[in-house]
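Undergrad:
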Amino acid sequence: MPSQLQERPKALDWDGPDDALNPHNWSISRKWFQTCTMSGIAFVGMFALSVFTPAIEEAALELESTPLVSTFAYSIYSLGLAFGGPFAAPLSETFGRRPVVFISLPIFALFILGTGFVHSMAGLLVVRFWAGFFAAPSLSMGSGTLSDIWPPEKRSGPISLYVAAPFLGPVVGLLLGASVTQTQGWRWTSWVTLFFTVVLVIAPAPFFMESYKPVLLRQRAKKLNLPLPFSPTEDMPLPRIVSTYVTKTLTRPMHMLFTEPIIAAFNAYSAFNFGLLYAFFPAFPYVFKKEYGFDSVSTGLTFLGLGVGVIVATACSLSFTRLYYIPRVRQAVMEKRPLPPFATSRLKPEKRLPLAIAGGPLLTVSLFLFGWSAAYSVHWIVPTIAEVFFGCGNVLIFMACMMYMTDTYGPLYSASAMASNAILRYVLGAVFPLFVVEIFKNLGAQWACTLLGCLSLLGVSIPFLLRRYGEVLRSRSGYRRDG
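Counted the way the UniProt record's numbering counts, the sequence shown spans residues 1 to 483.
Here it is, written out as structure tokens:
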């Protein structure tokens, strides 16, 4: 059910390719400020998830709860992300990117502050859920914002940074969370998170610029006293506005999830991988403590392997763009090729898929390697190397997912497409930690990782299938971008 924005008159558009209002024509410094701000939001949003992991046991003792309920206090943040995403990304496509940042992030900071003052497990569950809920808006609209300001042929570098940020956030969160919990107590995880929120999110927010095309053109039309054809709710009474928003905008991510085969397939694959990632934050420390006798800080240091994998994946993505993607774009421009059907770049979106094709087998191998090397008789560096492969494979798959969906659905619908992705990712991210650790306890690391590795193997074929049938599926999409 495409938005009414698609039906706007084409008379009001950019003045031309050099229109200064067009974010594609912003200065490089402004573009990178916008990109770094979104990356900082993604970093902090996921830092807040993992920083509590080392505090699970201590919080359970102080708040007189069980470790399982305390683990739920960790995963309920992800559940808040899942519920917040569907509200936020369509809001950014209706009212603009800037209002979402200005409204949601200060509220997120207040709930992070509240986690440091609660005196019951019920209170902790409530504040962490709402912290996740209000972190979701900016997290969900990141791909749409980057699509606003970067043309497809220059988008890989910014997206690589943006995708790396929410993977590096949990790594840093685990390291600092373990350190402050061991030395200062579990409540200090809140103060550390608040510090990063103020420095990386709240401080840059006043300089964050609106970038969504329909909103920018609507603002220009209002300034010039022109009609406002871009507003889907113009001249509507309030009940009709609410009804239109709920039926056309709020439900769009869920509608896309269940009606777009591209989104359903890639979402299922990336969500499973994210579920594993979130589950391994408490599972890996269990393994290293059990097999090697590591304390919390030493266990946190092993997650540097995951961070190295993220950095390697980012370097691979940038190299792929420089050596493979950009030369083909330049060749297409020189040959004056027309835009392919239902695409937003001179290259088909399927040209983004080699990253996922490489990342899938790497991630599956990492699970088997970790499971069968995480034993006292094997040096701890081997399972740590497996974390490098796991982080690299996971990031490569998600980078391909983001760029493929952004190129496929364009600025109008990419935020909703990624919001639908976020729903599934964060739901599995909330559920997986509740049972994966128990699987490790009952089956042991070897057979637990073997089971998960076999399940991961099922998803390896998805990028290959999209490369073969992606154009056909895009041609049938109700949200396709026609040129």
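From the three backbone atoms N, C-alpha and C, an ideal C-beta is built for every residue, glycine too.
None of the values given here were measured: they were computed from a predicted structure.
So, T115 versus V101, is the Cβ gap smaller than 8 Å?
TA: No.
Undergrad: Does the separation of the CB atoms of E387 and F303 fall below 8 Å?
TA: yes
Undergrad: What residue from F33, E58, G429 has the CA that sits closest to residue 486's CA?
TA: Lying before the first or after the last residue shown, residue 486 is absent from the chain, which here runs from 1 to 483.
Undergrad: Quick check on this structure: which residue in A374, F134, P17 has the alpha carbon closest to the alpha carbon of residue 552?
TA: Only positions 1 to 483 of the chain appear in the structure, and residue 552 is not among them; the question remains open.
Undergrad: For the alpha helix (DSSP H) that contains T302, what are its first and last residues?
TA: 296-302
Undergrad: Kindly indicate which three-state DSSP category Q184 falls into: helix, strand or coil?
TA: coil
Undergrad: Which of the three DSSP states, helix, strand or coil, is assigned to L226?
TA: The answer is coil: DSSP assigns L226 none of H, G, I, E or B.
Undergrad: Beta carbon of F281, beta carbon of L176: below 8 Å?
TA: no
Undergrad: Fully enclosed by the stretch 329-394, which alpha helix (DSSP H) runs are 4 residues long or longer?
TA: 354-373
Undergrad: Using DSSP with H/G/I as helix, E/B as strand and the rest coil, what is N421?
TA: helix
Undergrad: Are the stretch 264-275 and the stretch 428-442 touching by the rule of at least three beta carbon pairs closer than 8 Å?
TA: yes
Undergrad: Taking just the CA atoms, how far does I423 sit from A279?
TA: 17 Å
Undergrad: Do the stretch 56-73 and the stretch 140-156 make contact, defined as three or more Cβ pairs closer than 8 Å?
TA: Judged by pairs of C-beta atoms under 8 Å, the stretch 56-73 does not touch the stretch 140-156, as fewer than three such pairs exist.
Undergrad: Determine, using beta-carbon pairs with one atom in the stretch 450-464 and one in the stretch 355-374, whether at least three such pairs fall under 8 Å.
TA: yes
Undergrad: Name the residue from I262, A73, G185 whose alpha carbon lies nearest to the alpha carbon of S475.
TA: The alpha carbon of S475 has as its nearest neighbour, out of I262, A73, G185, the alpha carbon of I262.
Undergrad: According to DSSP, simplified to helix, strand and coil, what is A82?
TA: Here A82 sits in helix by DSSP.
Undergrad: Going by CA-CA distance only, name the one from M403, V118, M418, K351 that's closest to R468.
TA: K351
Undergrad: Going by beta carbon distance, what residues of the same chain come within less than 6 Å of F266, once the five residues before and after it are set aside?
TA: C401
Undergrad: Below 8 Å on the Cβ atoms is my guess for I357 versus F464; work out the distance and round it to an integer in Å.
TA: 7 Å
Undergrad: If you draw a straight line from the alpha carbon of A264 to that of Y212, how long is it in whole angstroms?
TA: Distance between the alpha carbons of A264 and Y212 is about 26 Å.
Undergrad: Within the same chain, show all residues whose beta-carbon is closer than 7 Å to that of P349, passing over the 5 residues directly before and after it, in chain order.
TA: For P349, the CB contacts under 7 Å within the same chain, skipping 5 residues up- and downstream, are A343, Y404, D407, T408, G470 in chain order.
Undergrad: Give the single residue among A448, L110, W372, F288 whose Cα lies nearest to the Cα of A48.
TA: L110
Undergrad: Applying the 10 Å Cβ sphere with the 16-neighbour rule, what's the burial state of E260?
TA: buried
Undergrad: Give the straight-line distance between the Cα atoms of F230 and T189, rounded to the nearest whole angstrom.
TA: Caution applies to F230, whose pLDDT of 46 falls short of 50 and renders its modelled position unreliable; the value that the coordinates give is listed next. F230 and T189: Cα-Cα distance of roughly 44 Å.
Undergrad: G144: buried (16+ other C-beta within 10 angstroms of its C-beta) or exposed?
TA: Buried is the call here.
Undergrad: Might you give, ordered along the chain, the residues of its own chain that have their beta carbon closer than 6 Å to the beta carbon of F129, omitting 5 neighbours on each side?
TA: I76, G80
Undergrad: For the stretch 303-322 and the stretch 433-444, state whether three or more C-beta atom pairs, one from each stretch, are separated by less than 8 Å.
TA: no
Undergrad: Give the DSSP-derived three-state secondary structure of M141 in the structure shown.
TA: coil
Undergrad: Report yes if the CB atom of A419 is closer than 8 Å to the CB atom of P86, and no otherwise.
TA: yes
Undergrad: Are L347 and R328 closer than 8 Å when you measure CB to CB?
TA: yes
Undergrad: So, helix, strand or coil for E62, using DSSP?
TA: Three-state DSSP puts E62 in a helix.
Undergrad: When DSSP labels each residue in this structure, what does F43 get in the three-state scheme?
TA: helix
Undergrad: Please classify V287 as buried or exposed, where buried requires at least 16 neighbouring CB atoms within 10 angstroms.
TA: buried
Undergrad: Please state if the CB of P158 and the CB of L146 are separated by a distance shorter than 8 Å.
TA: In this structure, P158 lies closer than 8 Å to L146 by Cβ.
Undergrad: Nearest to H255 by CA position, among N22, N25, G478, is which residue?
TA: It is G478 whose Cα lies nearest to the Cα of H255.
Undergrad: Work out the CA separation of T197 and P170 for me, nearest whole Å.
TA: 14 Å
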